[in-house]
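Have a look at the structure below before the remarks.
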Amino acid sequence: MPDKENRLGSFLTRNVIILGLVSLFTDLSTEMSYAIIPIFLKEVLKAQPVFIGLVEAIAESTASILKTFSGYISDRLRKRKLFIFIGYTLSAIVKPLLALATHGWHILIVRFADRFGKGIRTAPRDALIAESTKEAFYGRTYGFHRAMDTMGAILGPLFAFMILFLSQQNYRLLFALAFIPGFIAILFIIFGVKDIIPETKGVFKFSFKEVNPQLRTFFLIIILFTLGNSSDAFLILRAKELGISVTLIPILWLVFNISYFLWSYPAGVISDRIGRKMTIVFGFLIYTITYSALAFNNKVLLLWPIFVIYGLYYGFTEGNVRALVADFTLPEHRGTIFGIYYTVVGITLLPANLIMGYLWQRYGFNIALLIGSGLSFISAILLIIFVKTQKRS
């Protein structure tokens, strides 16, 4: 149970609000540059598609191993804020180094360090969010956090568009300015976040035997889905391949994030009322539709509605997957389990990104996208059949 003094409403506690603001400014910083990095790699640094896939794979996968350790250690120490601060600070200070990159491996190092920071902070942050609200509100609480995070992702591309327009596509200036919102996020952590010690039974100990069997099944299905869920950097390259201008790419990403933002909180409320599983299944089916549409589409104008629908997938899955993990987890193991979840996803992203890069280079984007679409559809069916969740009251 969260501190009584820490509660500002039914689910919007001080920590939930502050951590939402931290994610807003951090994602503003990240999304200012994220959509441009693959273009910068391909057009300025002359990197090949397989190398772009390798950058994303190493950045997301190698650093993800830290999520288990940081979650486990935060459970043992019963401290979250320290890991949250270190993780967000590391991500903030390395982003301006993108402006100095002259070779592809420079981008690789910066992306790795950025995701390294995410690996340290993510599991403790998600555990603290659960500890700062009631179980009955997990769906809307994580939905609110995803909405705040996505608001940053809306503002990021908008700022990127204005900077690129006014600077005549000066990528390096854009990368340098991305530090400012990241620094603001650090200030929110220092002065706003408060540790909440979870109620535990005796000395901390953890065994995989104690993991809920339904959660293990869910993790296996997530692995299958993730194999077809490569980095969104490839979707940006697909949009560029279809003829959209570099200046409009941040706006396309903005449209996607607006859709994501609008659905994050309502999808969380829906999952609180009808259950997590069916909302996640709906998200997987939306993913199937959007990847299939991108595989067959050859018109620039159709990219806009496709990316709007793609935002719906994120809204119905991102927050609700985390809420489902929290549902299946004991309070004293929450950081560890979140860490395991993120590590499983991160490690699976390594082959997922390499496979996407290889299939695109060897057979074309159509085949690669259709394989991702098929894996998503199979995952939705398996989730319906094999994962049993409690009915929501």
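Going by my numbering, the first residue of the sequence shown is number 863, and it counts up by one from there. Quick reminder that beta carbons are idealized off the backbone N, C-alpha and C, glycines included.
Residue i - DSSP class collapsed to helix/strand/coil
i, result
"Gln1076", "helix"
"Val906", "helix"
"Asn1182", "helix"
"Ile1233", "helix"
"Asp1057", "coil"
"Met863", "Below a pLDDT of 50, predicted positions are generally treated as unreliable, and Met863, at 43, falls in that range; no measurement from the model is reported."
"Thr964", "coil"
"Arg876", "helix"
"Leu1035", "helix"
"Leu1164", "coil"
"Val1170", "helix"
"Asn1250", "Per the sequence shown, residue 1250 should be read as Lys rather than Asn. In this structure, Lys1250 counts as coil in the three-state DSSP scheme."
"Ala1022", "helix"
"Ala1047", "helix"
"Ser1241", "helix"
"Ala1040", "coil"
"Phe1087", "helix"
Which listed residue (the options) has its alpha carbon closest to that of residue i
i, options, result
"Arg973", "Ala954, Val1108, Leu1232", "Ala954"
"Thr1088", "Asp1134, Leu1116, Thr1150", "Thr1150"
"Leu907", "Thr1191, Ala963, Phe1096", "Ala963"
"Gly882", "Ala1214, Ser994, Ile1113, Tyr1153", "Ser994"
"Lys1139", "Leu1186, Ile1113, Val1170", "Leu1186"
"Gly1173", "Tyr1033, Tyr1122, Leu1165", "Tyr1122"
"Ala837", "Arg1100, Ile899, Met1218, Leu1192", "Outside the shown range of the chain, which is 863 to 1255, sits residue 837, and nothing can be said about it."
"Ile1240", "Leu1147, Asp1057, Arg1224", "Leu1147"
"Ile1136", "Phe1080, Asn1182, Phe1248, Leu1237", "Asn1182"
"Ser1238", "Val1249, Gly1090, Ile879, Phe1169", "Gly1090"
"Phe1248", "Asn877, Trp1115, Leu1077", "Leu1077"
"Ile971", "Ile1243, Thr984, Leu952, Pro986", "Leu952"
"Ala1095", "Phe945, His968, Met1218", "Met1218"
"Asp976", "Lys943, Glu918, Gly1226", "Glu918"
"Lys980", "Arg1224, Gly1014, Ala1214, Ala921", "Ala921"
Anticipated Cβ contact below 8 angstroms, residue i with residue j, distance rounded
i, j, result
"Tyr1004", "Gly1130", "6 angstroms"
"Ile1084", "Val1207", "6 angstroms"
"Ser926", "Ile1209", "6 angstroms"
"Val1143", "Ile1246", "6 angstroms"
"Lys929", "Thr1205", "5 angstroms"
"Leu1216", "Ala1230", "In fact, because the Cβ distance is near 11 angstroms, the residues do not count as touching under 8 angstroms."
"Phe873", "Phe999", "4 angstroms"
"Tyr950", "Thr888", "6 angstroms"
"Phe947", "Ile1052", "7 angstroms"
"Pro958", "Ala1040", "7 angstroms"
"Phe1023", "Arg983", "Not really, about 28 angstroms apart at Cβ, beyond 8 angstroms."
Residue i Cβ short of 7 angstroms to the ligand ZN heavy atom set
i, result
"Val1249", "Within the structure as shown, the ligand ZN is missing, as the structure has no ligands at all."
Requested in this report: Note down, one range per segment and in chain order, each beta strand (DSSP E) of at least 3 residues found wholly within the region 1186-1228.
Outcome: none
Requested in this report: Could you tell me which uninterrupted alpha helix (DSSP H) segments, each at least 4 residues in length, are contained entirely in the region 1091-1162, listed from first to last along the chain?
Outcome: 1095-1103, 1111-1136, 1138-1158
Report task. Report yes or no: do the region 1161-1178 and the region 1046-1054 share at least 3 C-beta pairs separated by less than 8 angstroms? Result -> no
**Report entry** Inter-stretch contact (C-beta, 8 angstroms, three-pair minimum) for the region 1096-1110 and the region 1001-1020
**Finding:** no
**Report entry** the region 1024-1031 touching the region 902-918, judged by at least three CB pairs closer than 8 angstroms
**Finding:** no
Requested in this report: With a floor of 3 residues, list each beta strand (DSSP E) that falls wholly inside the region 965-1014, ordered by position along the chain.
Outcome: none
Report task. May I have a chain-ordered list of the beta strand (DSSP E) segments no shorter than 3 residues that lie completely inside the region 880-952? Result -> none
Query raised in the report: Does the region 1069-1078 come within contact of the region 886-900, defined as at least 3 CB pairs closer than 8 angstroms?
Result: no
Requested in this report: Could you tell me whether the region 1115-1132 touches the region 979-997, where touching means 3 or more Cβ pairs closer than 8 angstroms?
Outcome: no
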